[in-house]
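Heads up, the thing below is written out as structure tokens.
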Amino acid sequence: MKSLVTLLLILVPTFLFAAMPFTRSPVWQSTETGVYSTGLVWQDADRDGYLDMFVSNGNDMASAIEYIYQNNAGTIPTTHTWGSSAGDYSGHCAVGDINADGYPEYFVSNHIRDDWGATESKMFLNNGGIFGTIPSWTTGDTLHSFACELGDVDGDGDLDIAFTAGEGYGHVAERQRIYFNNDGTIGALPGWQSHDASYMLDLSWADFDNDGDLDLAFCGDEGHVWLYRNTNYTLDTLPSWQSADVNPGNTLAWGDMDGDGWLDLAVADNNQTGGNGRFKVYQNNGGLLTTSPVWQSATGGYGSSVCWYDFDRDGDNDLATGRWWNVVAIYENVGGVLTTAPVWQSSTSTVIEEIRMCDVDRDGVESYRTARAGNGYKKAFYVDKYPMHSLDSLLADGTKLTLAQYCYDLNSGWASLATAPLDSVILFYQYSDKQDLAVVNWDGANLIFADTLTHTPTHYVKGDADGSGAVDISDVVFLISYIFSGGSAPNPLFLGDADCSGSIDISDAVYLISYIFSGGAAPC
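Following the numbering used here, the numbering of the sequence shown begins with 1240 at its first residue and continues without gaps.
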């Protein structure tokens, strides 16, 4: 019996860590030291089709410059390829296209000055794929901000920027705030502030009640999780919901745990200043969040990151988590409920600050489309699978939208339109089921863990009219035969709509010829 028990104990870790298809040791590490990396976002800075790595640095430990690691055809360099000219004590960051030119801007939340006083947060402008090293925008007021996130609060189709505010260690309470985007220009002063002052550390936009506008959740040292409801594209200044349990929260993320089409809210609690420090999920029941968590991890600690993703490709969202001086851990979703103990852990232990997913080398990226019904009010729509690799185009009521008519967030999977469609919206996007797990760390190298499964194409390639699996001259011939000679139709039909005009005609054949032979834009 003793030998059998020993054998089982030996085998358990093998079964445990085989549950998720990721390397336990990192396949990539950064080489910089002493910068206290905190924020991480993946975005395509130069529009080459590969996502670049944006990392904000400093935390409350040292003044450090911000980084971008430019993705070179699937390879991330071990040292940054762009850095800001001056350092800051930066928390997290946000990246998105502010002025509808197709190139994303880079925002950072700055937490303190050298004397721990309030300071300005900043934005770096992207000029055709090249970032200036000096910020082009700063907040006109000062605040202690640890996190920021872009969202379209007023439903005008452009990205506004929300910041957390307050400093918990020194008990400096401040109002949370949003700076509005007016035709590509961010206002210097907040256009929205919360009624109450507090000490918040993270925030996240989501249409939690599925009414077509974006609501905003906060967590922090105050202990409660707060949710501000958006009504008629105006955000309440008092929270419409707050958690009943009081535990200091460090990070939160929205994701559909139980597959019912309503976003649930995951939070990483941190027991440095009190509480139990567990990971937890508040369930969304038809637009009503439970005030107490329906799920909690079995253990507590210095929780610092949560990230939803279908890690095992079984069709539901699992939860990756991180703590300070600890491992990356994944809790598996089994039948709409997470395991209370992790089924996978990294072999490395670090001071984890943020976890984000990205297919670094694009070896799992495919084209998808999501169709949603419009009602004349809803402006925010989600794709079926995210984080997205790219959002290529939108059709609203049969008309292709320009970049000035919508905005989006790759990580959260939503697009927000300036005009609510009456009938329908179709979102054309790219997604990978083979995304790598990236981590930024306060105490050392930033890390990437690779997905080890082989990608088997399961979806359609836009522009592949003949269904061969590739876009080439045969697709042009196929389309011409269909349009002019009564040849077979593309199956499904939308594969032939290369320019996303909403119909298939000779312009699609011309579009493909330009793409194949002249370096024109890829099918949308």
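For glycine and all other residues, C-beta sits at the position ideal for the given N, C-alpha and C. Source: prediction; values computed, not measured.
Asked	Found
How about Phe1717 and Asp1736: are their beta carbons less than 8 Å apart?	no
Secondary structure at Gln1535, three-state DSSP: helix, strand or coil?	strand
If you scan the segment 1466-1548 from start to end, which runs of the beta strand (DSSP E) of 3 or more residues do you find wholly inside it?	1488-1494, 1503-1508, 1518-1521, 1542-1548
Can you say whether Val1485 is buried or exposed, counting buried as having 16 or more other CB atoms within 10 angstroms of its CB?	exposed
Using alpha carbons as the reference points, say which of Ile1304, Gly1288, Asn1296 lies closest to Asn1310.	Gly1288
Do the segment 1427-1447 and the segment 1356-1366 meet, that is, are 3 or more Cβ pairs less than 8 Å apart?	no
Are Ala1445 and Leu1528 closer than 8 Å when you measure CB to CB?	no
Mark Ala1760 as exposed unless 16 or more other C-beta atoms lie within 10 angstroms of its C-beta, in which case mark it buried.	exposed
Would the beta-carbon of Asp1682 fall within 8 Å of that of Thr1587?	no
With DSSP run on the structure shown, which of helix, strand or coil describes Leu1428?	coil
Within 10 angstroms of its Cβ, does Asp1598 collect 16 or more other Cβ (buried), or is it exposed?	buried
According to DSSP, simplified to helix, strand and coil, what is Ile1719?	helix
Gly1735 by DSSP, collapsed to three states: which one?	helix
Does the beta-carbon distance from Gly1396 to Tyr1645 come in below 8 Å?	yes
Look up Glu1359 in the DSSP assignment and give the residues it is bridged to.	Glu1359 is not bridged to any residue.
Using only the alpha-carbon positions, how far apart do Trp1281 and Asn1614 sit?	32 Å
For the beta strand (DSSP E) containing Ser1671, name the first residue and the last one.	1663-1671
Within this structure, are the beta carbons of Val1710 and Ile1745 separated by less than 8 Å?	no
Restricting to Cα atoms, I'd like to know which of Ala1654, Leu1732, Ser1707, Val1464 is closest to Val1392.	Ala1654
Can you tell me which of the three DSSP states Asp1393 falls into?	coil
Taking the CB atoms as reference points, tell me whether Ser1348 and Phe1402 lie closer together than 8 Å.	yes
On the DSSP bridge assignment, give the partners of Asp1577 in chain order.	Residue 1577 is actually Leu in this sequence, not Asp. According to DSSP, Leu1577 bridges with Asn1572.
Name the residue from Asp1495, Asp1672, Ile1665 whose alpha carbon lies nearest to the alpha carbon of Asn1523.	Asp1495
With DSSP collapsed to three states, give me the class of Val1749.	helix
Within 10 angstroms of the Cβ of Leu1382, are there 16 or more other Cβ atoms? Answer buried if so, exposed if not.	buried
Roughly how many whole angstroms lie between the Cα atoms of Tyr1625 and Leu1558?	14 Å
Within 10 Å of its beta-carbon, does Ala1764 have 16 or more other beta-carbons around it, so buried, or fewer, so exposed?	No information on residue 1764 is available, as it lies outside the stretch 1240 to 1763 that the chain covers here.
Determine the DSSP secondary structure at Ile1743, reduced to helix, strand or coil.	coil
I'd like the span of the beta strand (DSSP E) that includes Thr1277, first residue to last.	1276-1282
Round the Cβ separation of Asn1510 and Tyr1541 to the nearest angstrom and send it over; I've been treating them as touching at under 8 Å.	7 Å
Could you give the first and the last residue of the continuous beta strand (DSSP E) run that contains Arg1595?	1591-1597
May I ask you to verify whether the segment 1605-1619 touches the segment 1662-1671, counting CB pairs closer than 8 Å and requiring at least 3?	yes
Considering Cα atoms alone, identify which of Thr1372, Tyr1306, Asn1469 is closest to Glu1271.	Tyr1306
Enumerate in chain order the residues of its own chain whose CB-to-CB distance from Ala1728 is below 7 Å, with the five nearest sequence positions on each side excluded.	Tyr1721
Quick check: the Cα distance between Asp1553 and Ser1629, rounded to an integer number of angstroms?	22 Å
Let me know the secondary structure DSSP gives Ile1249 once reduced to three states.	Here the model assigns Ile1249 a pLDDT of 35, short of 50, so the residue's position is not dependable, and the following value carries that caveat. Helix.
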